[in-house]
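Reading through the structure tokens given below for one structure.
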Amino acid sequence: MKTALVLTLLANLAAPVLAGETATPAQPTPRPVVSEIVDTTAGYRSRFVGIVAARAETDLGFLLASTIAERPVETGDLVSKGDVLARLDPEDLDTNVRAAEAGVQVATAQLRAARDAENRARTLLNSGTDSATRLEDAERALTAALATVEQARAALAQARDMRSFATLTAPQDGVITRTNAEAGASVTSGQAVVVLAGTEMREITLDVVERDAAALNEGLMFDATLAANPAVTAKATLRRIDPVAASSTRTRRVHLTLQDPPEGFRLGALVHVSLAATANPDITLDHDAVLDPDGLPAVWVVQRDAGGQTGTVHRKAVTLGAQFGPRVRITEGIAAGDEVITKGIHSLEEGQIVGPGVSQ
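Just so you know, the sequence shown maps onto residues -19 to -1, 1 to 341 in mature numbering (1 follows the signal peptide of the UniProt record, and there is no 0).
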């Protein structure tokens, strides 16, 4: 009985094989993914509004504490290197110079007397009418007189330097952007009296959100157009991006160096700025799309089949650059046109089949 039962089971198992039937394993359902097509020109603004500013703006003040006698410049005045910007009351300083000059005269007279005394002592010693001790005393007096003259001359030079500090001059060509003290006001040492913006080096400053700043790299070329006259244009190069965002607006200040700007690009002028046709912005991704960003960073790249409905994922190592808010620069590893998975990256496996991508 048992033998018959076993034979029956074997016959039932072999029946599909004998009939030519083949068992087909169930195919996994491709999971949909949230992905992003890498594009260096999408996802951020390429046109901005900026202001022409001075690359160097200097607070100028006196090295002395005194009272301002005059300030011949006003806000907005154009000045040249060496022009007088302000003067202090020179009365006390002039008195110090005259006193130092008198000290030099006294010390010089004392030196002449000491030199005459040394010569007499040397002559008397040579003639045998005086002692060597007297000559030694005269030589010591002469040495002291020489030192006194040097000290007096140093005091005079210092007094004259202090007198020169009473005149504030422009260290370079520029425009006065602010005045902080009027004539008759008392100022302390180092207190800013005027602010001078240099006109030799001009730049464009603009504020951008962190997502836009992430794609902008140093050396990137821009085309600048004067808002008041679109016919006036210039080239500008990105020099730097401030490392810290403004606390109130969460924007980054971008500095573009103007290259041989025309006269119309005056300080404070409003300009429109756009990426040059030859510009090549950086590739950026959401930081959440990067696997192990603190170790060996990598991303999941989708390789699509011919129809584009399904594809397989492959882990690809990348090199990270600076991070700006939620975006991070990718300096190596992926290129424009690659499809990168941005969500659910920790539940994928190498070679896994995925379905169509869904944009965020």
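Quick reminder that beta carbons are idealized off the backbone N, C-alpha and C, glycines included.
All of these numbers come straight from a predicted model, not from anything done at the bench.
For residue i, is the classification buried or exposed, using 16 other Cβ atoms within 10 angstroms of its Cβ as the cut-off for buried?
i: Gly165; result: exposed
i: Leu187; result: buried
i: Leu59; result: exposed
i: Ser170; result: exposed
i: Arg121; result: exposed
i: Thr48; result: exposed
i: Ile236; result: Looking at the sequence provided, one finds His at residue 236 rather than Ile. Counting Cβ neighbours within 10 Å, His236 comes out buried, since at least 16 surround it.
i: Val335; result: buried
i: Arg221; result: exposed
i: Ser108; result: exposed
i: Glu330; result: exposed
i: Arg231; result: exposed
i: Glu244; result: exposed
i: Ala34; result: buried
i: Pro224; result: exposed
i: Asp286; result: exposed
i: Glu72; result: exposed
i: Ala194; result: buried
i: Pro13; result: exposed
Terminal residues of the continuous beta strand (DSSP E) containing residue i?
i: Arg233; result: 232 to 240
i: Leu219; result: 214 to 222
i: Pro13; result: 12 to 18
i: Arg159; result: 155 to 160
i: Met202; result: 202 to 207
i: Ile264; result: 264 to 267
i: residue 360; result: For residue 360 there is no data in the structure shown, the boundaries of the chain being -19 and 341.
i: Leu149; result: 148 to 150
Taking the alpha-carbon positions, what's the residue i to residue j distance?
i: Thr293; j: Ile311; result: 22 Å
i: Ala218; j: Ile264; result: The sequence given here places Thr at residue 218; Ala does not occur at that position. Each residue's Cα considered, the two are about 19 Å apart.
i: Val299; j: Arg192; result: 20 Å
i: Leu248; j: Glu181; result: 11 Å
i: Leu105; j: Ala98; result: 11 Å
i: Lys297; j: Trp281; result: 6 Å
i: Ala316; j: Gln290; result: 21 Å
i: Leu74; j: Val65; result: 18 Å
i: Ala44; j: Glu131; result: Looking at the sequence shown, residue 44 is not Ala but Leu. Those two C-alpha atoms are separated by around 25 Å.
i: Val54; j: Asp40; result: 14 Å
i: Gly31; j: His253; result: 6 Å
i: Glu2; j: Pro11; result: The predicted position of Glu2 is uncertain, since its pLDDT is 49 and thus under 50; no value can be drawn from it.
i: Val176; j: Arg144; result: 22 Å
i: Gln333; j: Val190; result: 36 Å
i: Glu38; j: Asn161; result: 15 Å
i: Lys324; j: Gly314; result: 19 Å
i: Thr114; j: Ala90; result: 24 Å
Sort out for me which residues DSSP pairs residue i with in a bridge.
i: Ser167; result: Thr48
i: Val30; result: His253
i: Gln304; result: Val309
i: Pro42; result: Reading the sequence as shown, one finds Gly at residue 42 and not Pro. Paired residues: Ala173.
i: Val321; result: Glu17, Val282
i: His295; result: Val282
i: Glu184; result: Ala34, Thr238
i: Gly245; result: Answer is none; Gly245 lacks a bridge partner.
Under the assumption that residue i contacts residue j (Cβ atoms under 8 Å), give the Cβ distance between them as a whole number of angstroms.
i: Phe203; j: Leu272; result: Not confirmed; about 34 Å, so no contact.
i: Val321; j: Val19; result: 6 Å
i: Phe246; j: Leu207; result: 7 Å
i: Val168; j: Ala46; result: 7 Å
Within the present structure, is the beta-carbon of residue i separated from the nearest heavy atom of the ligand GTP by less than 7 Å?
i: Arg220; result: For the structure depicted, the ligand GTP is absent and the ligand set is empty, with no information on it obtainable.
Since residue i is in the alpha helix (DSSP H), which residue starts that stretch and which ends it?
i: Thr126; result: At residue 126 the sequence reads Ala, which differs from the Thr that was named. From DSSP, the alpha helix (DSSP H) with Ala126 extends over 113 to 145.
i: Gln91; result: 72 to 108
i: Glu191; result: 191 to 195
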